[in-house]
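Numbering (this note's numbering) for the sequence shown: 36 to 748. C-beta: ideal position from N, C-alpha, C; glycine also.
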Amino acid sequence: MDLATPLEQIFTKLQPRQKSALKHLGLKTAEDLLRHFPYRYENPADLVRISEVITGEKVRIWGRVQKIDFEKTWKKKMNIAYATAEDATGRIKMVWFRQPYIARMLPVGSCAIFSGTVAVRKDEYYIANPLYDIVPCSVVPSFSKEDSSRLQPLYSSSAGISSLWISKAVAKILALIKADEFLPAEIIEKYHLPPLSSALRWAHIPKTEEHANAAKKRFAFEGVFLIQLMRASQKEEIKKKSGIKLSNIEEHCAEFLKLLPFELTGGQKRAIEEIVSDLKSGHPMNRLLEGDVGSGKTAVAACAAFIVAKNGLQAAYMAPTEILACQHFETFSKVLGKANIKIGLLTSGFSEKFPSKIAKEKSTHVSKTQLLKWVREGEFPILIGTHSLIEKKVEFKNLALAMVDEQHRFGVAQRGKLSDKGGTTHKEIGAPMPHFLSMTATPIPRTLALTIYADLDLSVISEMPLGRVPIETKIVPPKDRNLAYEFIRTRLVAGEQAFVICPRIEPSEPSPDGFSQADMKSVKEEHKKLKEKIFPEFEIALMHGKLTPKEKDETMKNFRENKAQVLVSTSVVEVGVDVPNATIMMIEGAERFGLAQLHQFRGRVGRSDKKSYCFVLPSSYSADIFRRLKALTEAKTGFELAEYDLEFRGAGELSGRKQSGLSDIGMEALKNLKMVEAARAEAKTIIESKTLPQYPLLEEKIKQLQSEPLHFE
36 MDLATPLEQI
46 FTKLQPRQKS
56 ALKHLGLKTA
66 EDLLRHFPYR
76 YENPADLVRI
86 SEVITGEKVR
96 IWGRVQKIDF
106 EKTWKKKMNI
116 AYATAEDATG
126 RIKMVWFRQP
136 YIARMLPVGS
146 CAIFSGTVAV
156 RKDEYYIANP
166 LYDIVPCSVV
176 PSFSKEDSSR
186 LQPLYSSSAG
196 ISSLWISKAV
206 AKILALIKAD
216 EFLPAEIIEK
226 YHLPPLSSAL
236 RWAHIPKTEE
246 HANAAKKRFA
256 FEGVFLIQLM
266 RASQKEEIKK
276 KSGIKLSNIE
286 EHCAEFLKLL
296 PFELTGGQKR
306 AIEEIVSDLK
316 SGHPMNRLLE
326 GDVGSGKTAV
336 AACAAFIVAK
346 NGLQAAYMAP
356 TEILACQHFE
366 TFSKVLGKAN
376 IKIGLLTSGF
386 SEKFPSKIAK
396 EKSTHVSKTQ
406 LLKWVREGEF
416 PILIGTHSLI
426 EKKVEFKNLA
436 LAMVDEQHRF
446 GVAQRGKLSD
456 KGGTTHKEIG
466 APMPHFLSMT
476 ATPIPRTLAL
486 TIYADLDLSV
496 ISEMPLGRVP
506 IETKIVPPKD
516 RNLAYEFIRT
526 RLVAGEQAFV
536 ICPRIEPSEP
546 SPDGFSQADM
556 KSVKEEHKKL
566 KEKIFPEFEI
576 ALMHGKLTPK
586 EKDETMKNFR
596 ENKAQVLVST
606 SVVEVGVDVP
616 NATIMMIEGA
626 ERFGLAQLHQ
636 FRGRVGRSDK
646 KSYCFVLPSS
656 YSADIFRRLK
666 ALTEAKTGFE
676 LAEYDLEFRG
686 AGELSGRKQS
696 GLSDIGMEAL
706 KNLKMVEAAR
716 AEAKTIIESK
726 TLPQYPLLEE
736 KIKQLQSEPL
746 HFE
């Protein structure tokens, strides 16, 4: 057996449900399972018996659920869930406020570890809003002192595979396998890291907390180091290649600036200067343009596309949604149309060209076949679209610039496919590579950018366009909902518009975490309520992902033209939608969205000189939810919010494990700037000294990482 051995070969008697669970968890090989680290360790010595609890004491208890129920209080209309937990020594009550879904999560007969502060009412002990971890009922803690020396790992599991099954399976593999060390010995010694075989054992079967922490440190450093090494080697390879040559770059840049109806900010000017420097360098540009929501990244991208078009070459711009692609098509057409540049639009629902033969200031529909023919022949210097741009049938005559908007939405492989569209001549050995520009409005903390995007040069637009008024953000409790509606009415009467965002489309959609229909707002029911009961005097539009491209386009057109005053939508309007007259953003079920998403929603308003407002309405409350939403109200920029997220929640929400190629432990390590910079320095030393071939196992590991496309969700 080795690390690549499939789990189905090791565990030959797996049931269909177990196979399905392993697939759901992404566990295929022995190495996958060994790197499925515990999310926490239980120490039996920390647990107390129910009969031993004391009022005001913070406790952790094991209990079997004997009764579960919920009710709605008459006065406050508050959902309350109740449970009674029992061990061999007694019973205790659990109470959760505004969390009715708990009744579904903790069925009668299930067992869990509950933690919280003990209170008493009418001589009865209870714990209010306890945290809980469901555990196998077959493992009842003995509370004996012998158990206290050994930590018990708890794993993320799935239906069909329990944490206990994973623990036993890992123990079996550890007994049979030999893990070869691939980190350089001098790095292990320098940073006092345990060798791989010890680290794997200590991560899963730690005798002490020190062992568990040492293993965590090893895998945190390893994860960041490998990504840094892979990105640094990729950057070095790009440096060796020649970029597509462009002429008169600065003259074309100056010509573009005259086309703009506004003055660029300092950040936009700096970004354009850095892009111009890249285009003149002789090497392929490989740059990430990062800017807060509404900071003007599109104008910078349009400048790069204009320079390429004036050189008689082609530029492609890939957006994550059809709505955003159509909007960029309109923006590019308005600005670059003044210079008589042809622009094409290609999505699953649209194929258009600008300008139209009939009206030179407008676009017109053309067949996809005809548009693709023109692009293949080089007739259209700029093509804007969605992932449709990377389909096999799309061919460019001479692609010189590939641009990706909201690049975290696309996989590394998808981004690479767009760059590979440069025509057959670009694929020849030694042929120049197209330039690459990616953009994101999701602010990235420095440690995250240093790690995940280490192969890209970074440009940051830190300021907003002149005249923008800061958006006022407020958390709206249930009792103030009607006040919020009345305020929105005054803005609608004044001729302004509003967005209302809901977490889902249908009220009957199942929720994986048990939220009831009352807790989870849907666009369809909210649209009906607002249209019939709240704002009957105004036109209310409906937007969601199940509409056809034509319906989406018509809806957005009506909203932009103020034919509809309120747009009720799902997260499809999260990025890029630009309606300057919209001044209100109302987000239902706000706790269901990540902070980065909430910031994106907020960025749909405040795009003019009018005062704008963002109202967040959570459907449930807890200290963590309130803390996160409070951060949204206090953060002036997305960069402040990103640093908050990294500090309190880790980097997962901002980039995601699948996006980065890092394990959960590696993502957690990004909070440690010193560790990131140390790993970066070690990777840089190996690449610059060209000593990677001296470490064959490490070199093989890097090749393996590079061969695995990392898909961004």
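Less than 8 Å divides the Cβ of E626 from the Cβ of P653. Here L472 carries a strand assignment [DSSP, helix/strand/coil]. By the Cβ criterion, the region 250-260 is in contact with the region 707-723, since at least three pairs of Cβ atoms, one from each stretch, lie closer than 8 Å.
Residue state for D104 is assigned as strand, using DSSP reduced to three classes.
DSSP places Y520 in no beta strand (DSSP E) but in the uninterrupted alpha helix (DSSP H) bounded by R516 to V528.
Per DSSP, S657 lies in no alpha helix (DSSP H) and is assigned neither H nor E. Under a 10 Å Cβ-count criterion, G61 is classified as exposed, with fewer than 16 other Cβ atoms of the shown protein chains found around its own Cβ. Assigned with DSSP and collapsed to three states, N433 falls in coil, not helix or strand.
Comparing C-alpha distances from K403 to each of H422, Y76, D313 and S383 shows the shortest one belongs to S383. Under DSSP, the beta-bridge partners assigned to F132 are I115.
In this structure E574 is in contact with K598, their Cβ atoms being roughly 6 Å apart against a cut-off of 8 Å. For E626, the three-state secondary structure derived from DSSP is helix.
Look at K93 here: in three-state DSSP terms it is strand. Ranked by Cα distance from I89, the options V153, K157, P542 and L49 are led by V153.
The alpha-carbon separation between E561 and T605 amounts to approximately 11 Å. The DSSP-derived three-state label of E308 is helix. Distance between E216 and A670, taken at the CA atoms: about 44 Å. When rounded, the separation of the alpha-carbon atoms in A120 and R75 is 22 Å. Taking E734 as the centre and dropping the five residues before and after it, the same chain places the C-beta of L727 and P728 closer than 8 Å to its C-beta, in chain order. Y679 and E414 have their C-alpha atoms some 48 Å from each other. The Cβ-Cβ distance between Q349 and L406 does not fall below 8 Å.
Scanning G195, S173 and M113 for the CA closest to the CA of P512 turns up M113. Shown here for V130: same chain residues with a beta carbon closer than 7 Å to its own, the five before and five after excluded, namely I115, Y117, Y161 and A163 in chain order. In the DSSP assignment, Q532 is bridged to A617.
Residues of the same chain with a CB within less than 6 Å of the CB of E224, apart from the 5 flanking positions on each side, do not exist. Taking the Cα of C649 as reference, the smallest distance to any Cα among V640, E589 and A337 is reached at V640. In this model, T124 and D168 are separated by some 20 Å (Cα to Cα).
Within the same chain, and ignoring the five residues on either side of R126 in sequence, the residues whose Cβ sits closer than 6 Å to its Cβ are T119. With a cutoff of 8 Å on beta-carbon distance, V504 and S282 are scored as not near each other. Here the region 269-281 makes no contact with the region 289-297; the two share fewer than three CB pairs at distances below 8 Å.
A straight-line Cα-Cα distance of about 13 Å links V601 and T525. D659 is classed as exposed because its beta carbon has fewer than 16 other beta carbons within 10 Å across all chains shown.
By the neighbour-count criterion, in which 16 or more other beta carbons inside 10 Å mark a residue as buried, I393 falls on the exposed side. Straight-line measurement puts the Cα of F471 at about 55 Å from the Cα of V174. The Cβ atoms of A267 and F254 lie no closer than 8 Å to each other.
Residue environment analysis places H287 among the buried positions, since at least 16 neighbouring C-beta atoms fall within 10 angstroms of its C-beta.
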